[in-house]
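S.K.:
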Amino acid sequence: MMLDQARIDETRSLLGEETFAMFLQRLEVEFDEFVAWLDATPTPAADEIALRCHTLASSAGIYGASELRRTLLATEQVAQSDTATKMTELADATRSITDVWAETLRAFRSIK
1289 MMLDQARIDE TRSLLGEETF AMFLQRLEVE FDEFVAWLDA TPTPAADEIA LRCHTLASSA
1349 GIYGASELRR TLLATEQVAQ SDTATKMTEL ADATRSITDV WAETLRAFRS IK
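When you line the sequence shown up against the numbering used here, it's residues 1289 to 1400, in that order.
(1) Does the structure place the stretch 1289-1308 close enough to the stretch 1335-1343 that three or more beta carbon pairs sit under 8 Å?
(2) On a Cα-Cα basis, can you pick out the residue from VAL1323, ALA1309 and ARG1357 that is closest to MET1290?
(3) Given that a residue counts as buried once 16 or more other Cβ atoms are within 10 Å of its Cβ, and exposed if not, what is ILE1385?
(4) Could you spell out the range, first to last residue, of the alpha helix (DSSP H) harbouring GLY1352?
(5) In terms of residues, what are the limits of the alpha helix (DSSP H) holding SER1398?
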C-alpha cells in the first residue's frame, strides 16, 4: 500500500487542514532536495544516506507514506551494513527511493 489513508486522516485531523497542507508541502520539498542530492552526488557517504533516510522515514510515517517509509528504512539498513556488495546494494536502494518517491508524490497529489 503506497499510502495509509487512516494515518493521513489521523494526522490531518490532529493538525488541521491548513497546517497539514503546509507540512505536506514542506515534506515534498525535503524529499525533492534529498532526491536531487542523491542524483548530484556521485558517491554519497553511506553514513550520510543512513542519517537522511532515518530522518525522512519518520516524516514519511507521520504522513502515511507507508511504502516510502519502508523503502527508506530498508535503504538505511543497507547503508549501515558491512556486506561486500554494500555499494551496489546502496545504489540500487537509492534508485528505489527515487521511484517510490515519484509514486508517493502522485498518490499524495491525488488526495489533496
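Cβ coordinates follow ideal geometry from the N, Cα and C atoms, glycine included. Model, not experiment: these values are computed from the prediction.
M.R.: The answer reads as follows:
(1) No: fewer than three Cβ pairs fall under 8 Å.
(2) Measuring C-alpha to C-alpha distances from MET1290 to each of VAL1323, ALA1309 and ARG1357 identifies ARG1357 as the nearest.
(3) By the neighbour-count definition (other C-beta atoms within 10 Å, threshold 16), ILE1385 is a buried residue.
(4) Boundaries for GLY1352: no alpha helix (DSSP H) harbours it, and the DSSP string shows neither H nor E there.
(5) It spans 1374-1399 - the alpha helix (DSSP H) in which SER1398 sits, taken as one unbroken run.
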